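Note that the numbering used here has the sequence shown beginning at 2, numbered continuously upward.
Note that CB positions come from ideal geometry on N, CA and C, so glycine has one too.
For clarity, every value in this text was computed on a predicted model and none was experimentally measured.
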Amino acid sequence: QVQLVESGGGLVQAGGSLRLSCTTSGISFSGYIMDWYRQAPGRQRELVARITVDGSRNYMDSVKGRFTISRDNNQKKVDLQMNSLKPEDTGVYYCAARYDRYVYWGQGTQVTVSS
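Here you go:
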């Protein structure tokens, strides 16, 4: 049974930081591309950051220089360090594990940034 569980969300003031974690089970973690997505109210889910099997990282333009994605293959988890948070970063953050045509999702964690 595949499980992805996000944690670390919450309410923070603009300029603050949060660290999200996504722990996984039931997958061969080291072989999966890991993504963080977010969905703001009334908007489509968007890809925030990606880390590939070999550790390459990609970010959406609006978070470059503020967010850092990292993975720990031993602990089978992926983190998203979010600094200098802005109100527009508010949304539900989801992690996703991707391999070939298979994609698994977590249940999401709410991040709210107040101005």
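Here E47 is exposed. Its C-beta has fewer than 16 other C-beta atoms within 10 Å. When C-alpha distances from V49 are compared across S31, E89, Y100, S115, the shortest belongs to E89. Here Y100 is bridged, per DSSP, to Y103. With fewer than 16 other Cβ atoms from the protein chains shown falling within 10 Å of its own Cβ, R102 counts as exposed. Between G16 and L86, the C-beta spacing is below 8 Å. Uninterrupted beta strand (DSSP E) stretches at least 3 residues long and entirely within the region 8 to 35 occur at 11 to 14, 19 to 26, given in chain order. For I52 against R72, the beta-carbon gap comes to about 5 Å, under 8 Å, which counts as contact. K65 is not a Cβ neighbour of T24, given a cutoff of 8 Å.
In terms of Cα proximity to G9, the closest of I28, Y60, F68, Y94 is Y94.
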